[in-house]
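Asks: Note that our numbering has the sequence shown beginning at 1, numbered continuously upward.
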Amino acid sequence: MRRKATARAFVVTALFLLGAEAAKSAERGLEIYFIDVDGGAATLLVTPEGKTVLIDSGWPGKDDRDPKRIVHVLKDVAKCEKLDHLVTTHWHTDHFGGVEGLSRLIEIGHFWDRGLPEDKSAGLDFPDGPKLDDAIGIAYRKASAGKRTALKVGDKLPVAGLESLVLTSGGKVIDFAARYPGRAVRDLPANPLCEAAPPDLTVDGSDNARSLSILFSFGKFQFLDCGDLTWNVEKNLVCPADLIGPIDLFQVTHHGQDNSNHPTLIKTIAPTVAIMDNGPRKGGAAATVKRLKETSSVRALYQLHKNAATPDSDNTAADLIANRDPSGGQFVKVSVAPGGKRYTVQIGEDGEPRTFDAK
Ligand SMILES: [Zn+2]
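1. List in chain order: all unbroken beta strand (DSSP E) runs of 3+ residues lying wholly within the stretch 23 to 57.
2. Only counting the same chain, and skipping five residues up and downstream in sequence, which positions put a Cβ closer than 7 Å to that of residue 24?
3. Using 10 angstroms around the beta-carbon of residue 60, count the other beta-carbons present and answer buried if the total reaches 16, otherwise exposed.
4. Alpha carbon to alpha carbon, what distance is there between residue 135 and residue 280?
5. I'd like the span of the beta strand (DSSP E) that includes residue 277, first residue to last.
6. Ignoring anything shorter than 3 residues or poking outside the stretch 195 to 231, list the beta strand (DSSP E) runs there in chain order.
7. Are residue 232 and residue 258 touching if we call contact CB-CB under 8 Å?
8. With distances taken from CA atoms, which of 223, 112, 32 is nearest residue 149?
9. Nearest-angstrom Cα distance between residue 63 and residue 69?
10. Tell me which residue opens and which closes the beta strand (DSSP E) that residue 111 is part of.
11. Please return the same chain residues whose Cβ sits closer than 8 Å to the Cβ of residue 360, not counting the five positions on each side in sequence.
12. According to DSSP, is residue 299 helix, strand or coil?
13. Is residue 333 helix, strand or coil when you go by DSSP?
14. Between which residues of its own chain and residue 119 is the CB-CB distance below 8 Å, once the five residues before and five after are set aside?
15. Indicate, with yes or no, if ligand 1 has a heavy atom lying under 7 Å from the CB of residue 305.
16. Is residue 63 close to ligand 1? I mean its beta-carbon at under 7 Å from any heavy atom of the ligand.
17. Let me make sure I understand the geometry here. Which of 88, 225, 141 has the alpha-carbon closest to that of residue 260?
18. Have a look at residue 49 and residue 349 and give me their C-alpha separation to the nearest angstrom.
19. Sorry if obvious, but does the Cβ on residue 40 come closer than 7 Å to a heavy atom of ligand 1?
20. Quick one: Cα of residue 85 to Cα of residue 114, how far?
21. Taking 7 Å as the cut-off, is the beta-carbon of residue 84 closer than that to any non-hydrogen atom of ligand 1?
22. Which of the three DSSP states, helix, strand or coil, is assigned to residue 357?
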């Protein structure tokens, strides 16, 4: 009798646990982690089905500091097993230096980038490599051999449950028809904010101007990551016509440097939340912080680090800085509810979440 009762209790408990587990996965939305890589970039998206997309992989060396931080968030925090997609926005060390370590520590499904010099794609140039004898370039080519694809404007990543659209690649900007299929050019009015746009800067000959920019959509929710795109190309995304549209979450471009984050782009996309992946001594420019603080749509500006070179007044509010200790390691997490109507932002696993409505 007792044995029967014990067996029944076991079955009931097992069913309860299964039910709780099913409810948990049914409730899972989109998660975005802004992983601290000390002034580099590493942004991890996790879909409701547990598919993982990493945009940039931080710096090399330092005993695999950045790959370890990425794997920690992916496995221990997000409870995923492998990296399904790795996107590299451009060929600078703080964006693809972590690939060698990452490929040793975790299985990587597919690699996406803006093209390699040996692809010999027409119209593309590679001012900053990666050259064939460059150590990080060698590591990237080895890790991605047979499983990489170059992204052009208008392309999408094949990730179930997460829409994406490449807005810039190799210095080119998406054209109207690809951005707004089925609509006529005459339906898109000139962007009135362009009249007050500040002048262009000297043409940026570096790989930053050739960064991938990707717009992600999850239901109503929109997230923009432009890598390290710079001023003149940023303006081409919103002038003479706006090719982005209003968004919810903005990864502050180029770690917050002030030759990026063009004022007309910021005003046009009108983000609600901005997250800056600066380091204690990289990015986080006072001019960028000021610009974002003065943007009326921005309700919260998060920084991964306090800028050690500027006073508190040139940084965001103290409670929105993930790492006050320069050694860092703390992430910012965005959790988007199913359907994308609402999202929360918090620092680390235990931070106080703030809730925002999608536009
Ligand atoms: Zn960078």
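Idealized CB from N, CA, C, for every residue including glycine.
Note that this is a predicted model, so its numbers are computed, not measured.
Replies: In short:
1. 30 to 34, 43 to 46, 52 to 55
2. Here the model assigns residue 24 a pLDDT of 49, short of 50, so the residue's position is not dependable, and the following value carries that caveat. Same-chain partners within the cutoff: there are none.
3. buried
4. 27 Å
5. No beta strand (DSSP E) contains residue 277, which DSSP labels as neither H nor E.
6. 213 to 218, 221 to 225
7. no
8. 112
9. 11 Å
10. 108 to 113
11. Examination of residue 360 is not possible in this model, given that the chain is present from 1 through 359 alone.
12. coil
13. strand
14. 150
15. no
16. no
17. 225
18. 20 Å
19. yes
20. 14 Å
21. no
22. strand
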